[in-house]
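Under UniProt numbering, the letters of the sequence shown match residues 1 to 239, in that order.
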Amino acid sequence: MWTLPTIVLSHGAFADSSSWNGVIKRLRESDFPVIAAPNALRGPIADGDALRSLLDTIEGRIVLVGHSYGGTVISRAAAGLDRVAALVYVAGFAPENGESVGDIAGKFTGSTLGETLIARQLSDGSVDLYIDPGKFHDQVAADLPVADAELAALTQRPISNIAIEQPFAAEPPAWKTTPSWFVFGDADKNIPLQTHRWMADRAVATRVLEIPRASHAIPISHPDEVAYLIADAAASVTR
Numbered sequence: 001m002w003t004l005p006t007i008v009l010s011h012g013a014f015a016d017s018s019s020w021n022g023v024i025k026r027l028r029e030s031d032f033p034v035i036a037a038p039n040a041l042r043g044p045i046a047d048g049d050a051l052r053s054l055l056d057t058i059e060g061r062i063v064l065v066g067h068s069y070g071g072t073v074i075s076r077a078a079a080g081l082d083r084v085a086a087l088v089y090v091a092g093f094a095p096e097n098g099e100s101v102g103d104i105a106g107k108f109t110g111s112t113l114g115e116t117l118i119a120r121q122l123s124d125g126s127v128d129l130y131i132d133p134g135k136f137h138d139q140v141a142a143d144l145p146v147a148d149a150e151l152a153a154l155t156q157r158p159i160s161n162i163a164i165e166q167p168f169a170a171e172p173p174a175w176k177t178t179p180s181w182f183v184f185g186d187a188d189k190n191i192p193l194q195t196h197r198w199m200a201d202r203a204v205a206t207r208v209l210e211i212p213r214a215s216h217a218i219p220i221s222h223p224d225e226v227a228y229l230i231a232d233a234a235a236s237v238t239r
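Structure, rendered in structure tokens:
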């Protein structure tokens with residue numbers, strides 16, 4: 001009898017672990033053990049190391065999943081950790097050593113995220129970034145009902161400017177040594193489609209799933225497809 005791997009989910013910017021609720025429901029229906037890890041959104045080094053500490057407490061094999069900025073976090077957390085048997089990037093960043101999220105976001109034209117951001121200066125000199133609630137639906141979640149997007153906008157968690165600007169540090173990043181799966185929408189306004197395809201190609205992804213007319217918020221708007229791809233990655237671990 002096969003032992004199912006533990007699925008560990010890392011959410012992205014402007015969200016929290018509840019963004020995985022639909023995906024978790026579907027994974028639990030297949031009896032997968034699931035952990036929705038907290039993500040402080042403070043910077044890839046600190047956030048990656050915090051997730052790594054959590055992974056060190058889990059026995060057995062792990063499928064590590066990251067949405068958006070969470071992709072950067074899993075790329076560091078899993079570096080050199082053999083028990084992470086698969087990585088799943090859900091509209092996620094997969095950086096190379098020395099690249100920042102900002103570097104990747106600006107590599108190709110098409111992202112309109114920058115013009116929707118609101119900056120709030122903190123006492124330590126850093127800046128917290130939010131998406132203007134009035135622009136959240138169109139920018140992030142155009143394939144969700146307006147009421148759902150408005151609620152997500154009002155409960156969004158900010159990301160630090162450090163998380164956007166800090167160069168990624170892991171040599172090598174986990175996607176270079178661990179099989180990866182990529183899923184993203186072709187209507188993503190945060191990360192252009194060309195960027196998603198480029199990252200998946202660079203990682204030599206095991207499988208790539210493009211969802212027509214899907215926004216950046218695919219864990220919420222397309223939980224069936226996201227859970228399906230995670231389960232496909234998990235199946236490769238158990239075979």
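For every residue, glycine included, the Cβ atom is placed at its ideal position computed from N, Cα and C. Values in this document were obtained by computation on a predicted structure and should not be read as measured data.
Discussion item. Which of the three DSSP states is assigned to Gly-125 in this structure?
Written reply: coil
Discussion item. Along the chain, where does the beta strand (DSSP E) containing Thr-6 start, and where does it finish?
Written reply: 6–10
Worksheet entry | Ser-180 - DSSP class collapsed to helix/strand/coil | strand
Worksheet item: Under a three-way DSSP split, which group does Ser-160 fall into?
Response: strand
Fill in: the stretch 77–89 / the stretch 59–66 touching (three or more Cβ pairs under 8 Å)
yes
Discussion item. Taking the beta carbon of Pro-145 as the centre, do at least 16 other beta carbons fall within 10 Å, making it buried, or is it exposed?
Written reply: exposed
Item to complete: Figure out for me which residue from Leu-117, Ala-152, Val-8 and Ala-233 has the closest Cα to the Cα of Arg-183.
Response: The question names Arg, but residue 183 is Val in the sequence shown. Minimum Cα distance to Val-183 is reached at Ala-233.
Practice prompt. Pick out whichever of Ala-235, Val-226, Thr-177 and Ser-17 has its Cα sitting closest to the Cα of Arg-202.
Written response: Thr-177
Worksheet item: For Val-204, is the classification buried or exposed, using 16 other Cβ atoms within 10 angstroms of its Cβ as the cut-off for buried?
Response: exposed
Worksheet item: Can you list the beta strand (DSSP E) stretches of 3 or more residues lying completely in the stretch 61–145, in chain order?
Response: 62–67, 84–90, 117–121 and 127–131
Discussion item. Contact defined as beta carbons within less than 8 Å: I believe Pro-192 pairs with Ser-111. What is the distance between those atoms, to the nearest angstrom?
Written reply: 6 Å
Worksheet item: At which residues does the beta strand (DSSP E) containing Leu-55 begin and terminate?
Response: No beta strand (DSSP E) contains Leu-55, which is instead part of the alpha helix (DSSP H) from 44–55.
Worksheet item: Which word fits Thr-116, buried or exposed, when buried means at least 16 other C-beta atoms lie within 10 angstroms of its C-beta?
Response: buried
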